[in-house]
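J.:
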Amino acid sequence: MSGVTVRCSELRQVYPLEGEAVTALADVDLDVAVGEGIAISGPSGSGKSTLTSILAGLRRPTAGRVQVGADELTAMSERQLLRWRGRGIGVVLQNPSRSLLPYASPEQNVYFARRSRPRSETFRPARELLAELGLAELAGHRVARLSGGEQQRVSVAVAMATEPQLLVADEPTSQLDAVNRDRVVDLLLRVNERFGTTLIVVTHDEAVDQRLPRRVTLAEGRVVSPAF
Amino acid sequence: MRGRSLVLPGLWWRRGLNLAVLSVAVVTTTAAALGPLYARASTESTLNDHLTEAGSTTGLHFYAYVDATIQRDIDRFESTAPRPGAIPGYDSAIDGIYTPEKVGVSTSAEGHGAVTSHLLWRAGMCQHVAIVHGRCPSGPLEMMASQRTFDSGAYGWRIGTKLYVGALSVEGFDGNPEGAVLRVVGTYRQNDVNDPYWFGRNYADQQFRGDQPDLVDTLMVSRATFAALPRPAFAQAEVDMPLNPGALRLSDVAHERRAVAATVGRYQASQEIHVTTQLRLVLDDAHREQQLVEVGTLLVTLQLGLLAWLVLFQVVADAIEARGNEIAMAKLRGLSPAATVRFGLAEPVVLLALAVPVGLLAAVGVTHVFAGSVLVPGVPVVMAWAPIVAALIAFGGGLVAAALAGYRTLTRGVLDQWRRTTRAPGHSRIGLVIDVLLALVAVTGLAALRAHHHARDTHDSATLLAPGLLVFAVALLGVRLLPLGCRWIAGRTRASRRMGLFLASRQVARRPVGLRLAALLAVAVGLATFAVAGESVARSNRAARAQSELGASQVASIQYDAKQDPVAATHTADPDGRWAMAVATWLPDGGETVTGTVIGVDGSRLAAVAYRPAGGPALASMGEAVGAASVRPITLTAPQIRLHITGRDLSAGTPYVQLNLRTARDAFVDVQLERLRAGAHVYVASLPCKPGCLFRGITWDRPITVEGTMRGTATLTGIDIGDGTTWRPLDASLTNPDGWRAAAPQGEATDELRVSFTGVTDRFRAINGGYGGILYAYAPSPIPAVATPGSYVSNPKLAMEDLLGAQATFNVIQSADVLPDVLDNGVLMNLPFVQAELPAFSEEATWSVWLGPRAPPDARARLEAAGLHIQSVRTERQRTDQLARQGPALALLLLLACAVAGAVLAVGGTAISIAASSRRRSYEIAALRTVGLPRAALLRAGVIEQLLLLGAAVALGVPTGLLAARLAMPVIPEFSDTTPVALHYVPRLAPTAIFASAFIVLLTITAVLAAAWLMRTAVPDRLREAEG
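Chains A and B are the protein sequences, given in the same order.
Residue 1 is where the first sequence starts when you use this note's numbering, and the numbers rise one by one after that.
Residue 229 is where the second sequence starts when you use this note's numbering, and the numbers rise one by one after that.
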């Protein structure tokens, strides 16, 4: 398992809103090196979530290119994007209820995330993955019974289920208290460090922002702090 | 471990919603499987009813003409008939020997006291009659006479009397010195002529024949007696094989037809043994009704199946929508479209599959309940292939519903799902066009049904589609008006303090997502209302038909002893005339003026006892029309009578004074007194009236020696009765102008009557051998009658005629479309009048006693105590139940049950949809609470919003259902046969109101609970969750 480069070139996203065009991203250029961990921050409406969804292959930009390793997302078909999401990226969302099946255990959630992969493809056992991420004691519990912090940490593990080279976390700590926030950030950094996974964390929390090696700030759809 | 095991945890996680989906799927499967199961059970019941109603006509009657004295011939015949059990359902056989030709019977070898009768032996006959005196004949030359033959006292028969039996000559019976002598060992009374044992034959056929030997009830003899009769004794050897209706099932019918046809064909070829049966015709009739049931059931279950499917579609859509986040998660994780579909539909598919066996079991259970409560007891509920196929089709339909319902969720983008946005509602115009087109199709179908329906076509079950089409069209278009109305309300309340109403109407006007639900609910409510109203119509019509056909709430078929007058006996049992009335029906033997059935009723009791026939005149009006005599009949029992007559202006040849009487045995008993003399004189005569004579009148009888004109005036001033030494006056209403009338002249004669305070004065004139007289007018002539058109020939010169040749004219006072019992083909008259005019009427007629609603519990015992023998009793309830088991009624009942279930199901579906959408709505409500709107106003708004949607369904469904009942019921078959009884189609208010009220309560509870649930989930924290 290792990381991957991420390169966004002249990325532009325009929304139609009540007959007018609203620019969410304006010619964003962003390069992330293999195994690098960066934080993207900015105020509400700065385009963080839009950028996240484009990086996750959930949205096609109006213009520009997105290259993740050898894969150019902007040139992919929907089917290719779907396939890529199954193998190339792990996503952690703000709300763990959108990332986890509440009635299943963390272990089952890991297996569920691997359904996108062929049966022939082998991964380390779910319990081993959870153990590596320090979540062994939660493996058999039902997700709905876990606390918010525990659920978010499980979300990180589930995002890593298919051992992707890129992990994108969208406001992963916004609903957590400080203790749990730190635990989740610790876990993300451990993933980045242990597996070499490229890590992009979108946050407006300065405490999180400060803990990542590199920081990029967006404002009004533009990169206002160095993109390199 | 790749997630297959997630289905069960998922099902359990959303157990409330999934249970609801399962329930709806089970109801859908049940509805589908119920159709064939119910149809099968109903047609089994119909078959059984037809076979039971047909009675012995479905039996096999084998007979051959034999010399009954030759046992070998009889044995050979009996051995040739099929053995019991050889043909399915024919499990028993009754052997018998009967003389179809009458035999002569007398108490002496010379033919003294000769009567005629038939001889009968039938295996086990003594178990089917009541032996009143003595014992059952067992040995040779033993016989048993009917008790009423004994009671008549006319023949001097007693237990132990020896009777001479022989063949009749052309002149009658002159005795049989060398014939068989039978000994009377007992008397019997037939329990019930309708007992299947008798195979539809009535052996109680006693008739007093006037100048010919009387025919007395059949004489029951031992089998050995036939061998002892003088040879040859031609008789009919019989083997009767009754069909056990319960033993013949639908699956046996084809085989049974073949087996019976083969048997009949084999014996017809032999020409020695004859066989008769009506089985084929009965089965044909049953088959026609079976088709009615099957088509009706199919149409009903199709409609309800469609309704259930739509609810299922709605509920499955909600269930899949509730998993929207999980499906988005699957897409986020990169699951292939096929894997996502599998994941998304796995839970509904498991539930649909589970619903198949559960639904089948439920259908069997429901059919058992139906069978136990409506159908013939013991009808089997057969699980054949059809219900299983129907359940599988429902399963397939469920899959289609799941696929269609899940399409939107499964194809929605991940971000769209997260944002909880739906596709732009740009389909509303297309939806409107589709709705209008569907409504047009429905209206066209409805119009076509009405146009092609033929009046009184009892086999046009397609009309059962009419109400469904109507409510469908109205619901589709009606709910389209709801947003318009709500927009208007929102505009009116925008600046008012009615915040709840404003929010609710604005919500419905802007986001009419509940319209489909409202339309579905409106269809369900409309169908259920139609079913309730339609069943109330059908139930009323069944009651009306049963009441009209029976005439009263209970009809007891009776026999009576020779000395009894059933009218008088009924008066004894019910002296106040409140609950019992003797009734006789009679088909005139001649006269050619009545083509229908004459029904004689006790006019004074008609209104108190009978039911008014539907479409017929009021009972009081009929009773008044047929009239009551102004004078009562006079029964004479005294040994002598004395007439006070004053003669004036008499011609040379004076008539004899002749007293006209009637006894139980002799219709015309005339007692000759002296010749009429001028001046006031007393005329005395002895009366042959120990058992009682009916006083009829006085004839001025022309002596054979008198020629030319016979004229004069005679005034009857008084009548006394006594024993010759003491006399007492008889009240013969001599001063009542309505008490007397001129007798029908014999030949050329005129009688001019005048009644004054001195008495009855008759100025008579007779020429050319004619003569006349005066009649005591206890019966009017012509007899007033109420008749149905076509049941009589309007010719007052013609008269009804009885077997003795007596004639009676009648005058139709009132015309009626329908009469009690005889319906559209009869003439109703006052019974005592007909008895008075037609002496053989009582013997020829079929008698019954009608019991009204006020009949006491011991009514039958009272009638028996009064001397009437009750054979069988038919009740209104029995007939109503029988009509309720006819094919069309069964289809309507199924519609009622399914439609009410469908309405409840639709409410359930509504509740589920509200619950499923509550999460989405809770964000909006939470936002409104955050900006400071009071909770009470929001709760009110929630309740009003639900009430607007659900109330629209009721407001549309109930009137449309009632309208459908009013429009469709006249063309929907209610009976499998036509009836002249007037049917009414106005639904009864009470059941419809009760149903609508109950439904409104149910909806209101649903609306309040849904709003409360929404308020509970709409907490501000919800908004934080929405940010994710």
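The C-beta atom is built at its ideal place from N, Cα and C for all residues, glycine as well.
Nearest to A487 (chain B) by CA position, among B:G998, B:I315, B:L743, B:P368, is which residue?
T.: For the purposes of this step, residue 487 (chain B) is taken as the residue at position 259 of the second sequence. The option with the nearest alpha carbon to A487 (chain B) is B:I315.
J.: Assuming contact is defined by CB atoms lying nearer than 8 Å, are L348 (chain B) and G324 (chain B) in contact in what I supplied?
T.: Reading the second sequence from its first residue, position 120 is the one you call residue 348 (chain B). Reading the second sequence from its first residue, position 96 is the one you call residue 324 (chain B). Yes, they are a contact pair.
J.: Name, please, each residue of chain B whose Cβ falls closer than 9 Å to the Cβ of G86 (chain A).
T.: In the first sequence, the residue the question calls residue 86 (chain A) occupies position 86. Simply R561, G562, L563, S564.
J.: Roughly how many angstroms lie between the CA atoms of A175 (chain B) and V577 (chain B), to the nearest whole one?
T.: This structure cannot settle anything about residue 175 (chain B), because the visible part of chain B is limited to 229 through 1256.
J.: Can you pull the chain A neighbours of A1196 (chain B), defined as C-beta to C-beta under 7 Å?
T.: What you label residue 1196 (chain B) is simply residue 968 of the second sequence in a count that begins at 1. Within chain A, no residue comes near A1196 (chain B); the closest Cβ sits about 49 Å away, beyond 7 Å.
J.: Just to confirm, is the Cβ distance from A1064 (chain B) to A1007 (chain B) under 8 Å?
T.: As a position in the second sequence, residue 1064 (chain B) is number 836, starting the count at 1. As a position in the second sequence, residue 1007 (chain B) is number 779, starting the count at 1. Yes. Within cutoff.
J.: Does the distance from the CB of L130 (chain A) to the CB of A139 (chain A) come in under 8 Å?
T.: Sequence index remark: in the first sequence, residue 130 (chain A) carries index 130 (1-based). Sequence index remark: in the first sequence, residue 139 (chain A) carries index 139 (1-based). Result yes, Cβ atoms of L130 (chain A) and A139 (chain A) sit closer than 8 Å.
J.: According to the neighbour-count rule (16 or more other Cβ atoms, all chains shown, within 10 Å of its Cβ), is R738 (chain B) buried or exposed?
T.: The residue labelled residue 738 (chain B) in the question sits at position 510 within the second sequence. The residue in question, R738 (chain B), is exposed, as its Cβ has fewer than 16 Cβ neighbours within 10 Å.
J.: Quick one: does V201 (chain A) have its CB under 8 Å from some CB of chain B?
T.: Translated into the one-based positions of the first sequence, residue 201 (chain A) becomes position 201. It does not: the Cβ of V201 (chain A) has no partner Cβ on chain B nearer than 8 Å.
J.: Using a C-beta cutoff of 8 Å, does L573 (chain B) count as contacting chain A?
T.: Position 345 of the second sequence holds residue 573 (chain B). It does not; no Cβ of chain A falls within 8 Å.
J.: Would the region 169 to 184 of chain A count as touching the region 147 to 155 of chain A if we require 3 or more Cβ pairs under 8 Å?
T.: Touching, yes.
J.: Distance check for P1215 (chain B) and V628 (chain B), CA to CA, integer angstroms please.
T.: Position 400 of the second sequence, counted from the first residue, corresponds to residue 628 (chain B). Position 987 of the second sequence, counted from the first residue, corresponds to residue 1215 (chain B). Distance between the alpha carbons of V628 (chain B) and P1215 (chain B): 38 Å.
J.: Going by DSSP, which residues form a beta bridge with L391 (chain B)?
T.: Locating residue 391 (chain B) in the second sequence gives position 163, where the first residue counts as 1. In the DSSP output, where bridge partners are listed per residue, L391 (chain B) has B:L410.
J.: CA-CA distance, P653 (chain B) and R647 (chain B)?
T.: Position 425 of the second sequence holds residue 653 (chain B). Position 419 of the second sequence holds residue 647 (chain B). Here P653 (chain B) scores only 43 on pLDDT, less than 50, and its place in the model is too uncertain to base an answer on.
J.: Enumerate in chain order the residues of its own chain whose CB-to-CB distance from A908 (chain B) is below 6 Å, with the five nearest sequence positions on each side excluded.
T.: Here the question's residue 908 (chain B) lines up with position 680 in the second sequence. Within the same chain, A908 (chain B) has close Cβ partners T874.
J.: Check the DSSP bridge columns for R350 (chain B) and list the partner residues they point to.
T.: Position 122 of the second sequence, counted from the first residue, corresponds to residue 350 (chain B). Per DSSP, B:G324.
J.: Quick check on the burial criterion: 16 or more other C-beta atoms within 10 angstroms. Buried or exposed for H483 (chain B)?
T.: Position 255 of the second sequence, counted from the first residue, corresponds to residue 483 (chain B). Exposed, by the Cβ-count rule.
J.: Would you check if the region 1157 to 1171 of chain B and the region 719 to 729 of chain B touch, i.e. whether three or more CB-CB distances between them fall below 8 Å?
T.: Contact holds: three or more Cβ-Cβ distances are below 8 Å.
J.: When you compare the CB positions of I1098 (chain B) and A703 (chain B), do they come within less than 8 Å of one another, or not?
T.: The count along the second sequence starts at 1 and reaches residue 1098 (chain B) at position 870. The count along the second sequence starts at 1 and reaches residue 703 (chain B) at position 475. Not a contact, by the Cβ cut-off of 8 Å.
J.: Could you tell me whether the Cβ of V91 (chain A) comes closer than 8 Å to any Cβ of chain B?
T.: Along the first sequence, read from residue 1 onward, the residue named residue 91 (chain A) stands at position 91. It does; some Cβ of chain B falls within 8 Å.
J.: I'd like the list of long-range same chain contacts for Y425 (chain B), defined as Cβ closer than 6 Å, with 5 residues on each side in sequence excluded.
T.: The sequence position of residue 425 (chain B) within the second sequence is 197, counting from 1. For Y425 (chain B), where only same-chain residues beyond five positions count, the Cβ hits under 6 Å are H356.
J.: Using only CA atoms, which one of B:L239, B:S1022, B:M448, B:T1158 lies nearest to L573 (chain B)?
T.: As a working note, residue 573 (chain B) is residue 345 in the second sequence. It is B:L239 whose Cα lies nearest to the Cα of L573 (chain B).
J.: Have a look at W814 (chain B) and Q1035 (chain B) and give me their C-alpha separation to the nearest angstrom.
T.: Here the question's residue 814 (chain B) lines up with position 586 in the second sequence. Here the question's residue 1035 (chain B) lines up with position 807 in the second sequence. In a straight line, the C-alpha of W814 (chain B) is about 14 Å away from that of Q1035 (chain B).
J.: Relative to the C-alpha of L1230 (chain B), which residue among B:T1138, B:S273, B:A566 is closest?
T.: Taking the first residue of the second sequence as position 1, residue 1230 (chain B) is located at position 1002. The shortest Cα separation from L1230 (chain B) among B:T1138, B:S273, B:A566 belongs to B:T1138.
J.: Find out if the Cβ-Cβ distance for the pair S858 (chain B), D979 (chain B) is shorter than 8 Å.
T.: Residue mapping note: residue 858 (chain B) aligns to position 630 of the second sequence, counting from 1. Residue mapping note: residue 979 (chain B) aligns to position 751 of the second sequence, counting from 1. In this structure, D979 (chain B) does not lie closer than 8 Å to S858 (chain B) by Cβ.
J.: Only counting the same chain, and skipping five residues up and downstream in sequence, which positions put a Cβ closer than 8 Å to that of T491 (chain B)?
T.: Within the second sequence, numbered from 1, the residue matching residue 491 (chain B) stands at position 263. Correct list, in chain order: L288, P310, I315, V503.
J.: Can you tell me where the beta strand (DSSP E) holding G1185 (chain B) begins and where it ends?
T.: As a position in the second sequence, residue 1185 (chain B) is number 957, starting the count at 1. Here G1185 (chain B) belongs to no beta strand (DSSP E); instead the alpha helix (DSSP H) covers 1163 to 1196.
J.: With 16 as the cutoff for other CB atoms within 10 Å, does F896 (chain B) come out buried or exposed?
T.: Locating residue 896 (chain B) in the second sequence gives position 668, counting from the first residue. F896 (chain B) should be labelled exposed.
J.: Is T800 (chain B) closer than 8 Å to A1094 (chain B) when the C-beta atoms are compared?
T.: In the second sequence, the residue the question calls residue 1094 (chain B) occupies position 866. In the second sequence, the residue the question calls residue 800 (chain B) occupies position 572. Yes. Within cutoff.
J.: Is the shortest distance between the beta-carbon of P106 (chain A) and the beta-carbons of chain B less than 8 Å?
T.: Here residue 106 (chain A) corresponds to residue number 106 of the first sequence, with the count starting at 1. So no, P106 (chain A) is outside the interface.
J.: Quick check: what's the CA-CA separation for S781 (chain B) versus A759 (chain B)?
T.: Position 553 of the second sequence, counting from 1, holds the residue named residue 781 (chain B). Position 531 of the second sequence, counting from 1, holds the residue named residue 759 (chain B). When rounded, the distance between both Cα atoms is 27 Å.
J.: Could you have a look at E852 (chain B) and say whether DSSP puts it in helix, strand or coil?
T.: The count along the second sequence starts at 1 and reaches residue 852 (chain B) at position 624. Three-state result, E852 (chain B): helix.
J.: In this structure, does DSSP put A812 (chain B) in helix, strand or coil?
T.: Along the second sequence, one-based indexing puts residue 812 (chain B) at 584. DSSP places A812 (chain B) in strand when its eight states are reduced to three.
J.: What is the residue span of the alpha helix (DSSP H) that N180 (chain A) lies within?
T.: Reading the first sequence from its first residue, position 180 is the one you call residue 180 (chain A). Its alpha helix (DSSP H) spans residues 178 to 195.
J.: Closer than 8 Å, CB to CB, is M557 (chain B) near chain A or not?
T.: What you label residue 557 (chain B) is simply residue 329 of the second sequence in a count that begins at 1. Answer yes: the Cβ-Cβ gap between M557 (chain B) and chain A drops below 8 Å somewhere.
J.: Could you compute how far the alpha carbon of S2 (chain A) sits from the alpha carbon of P164 (chain A)?
T.: Walking along the first sequence from the start, residue 2 (chain A) turns up at place 2. Walking along the first sequence from the start, residue 164 (chain A) turns up at place 164. Computed Cα separation, rounded: 8 Å.
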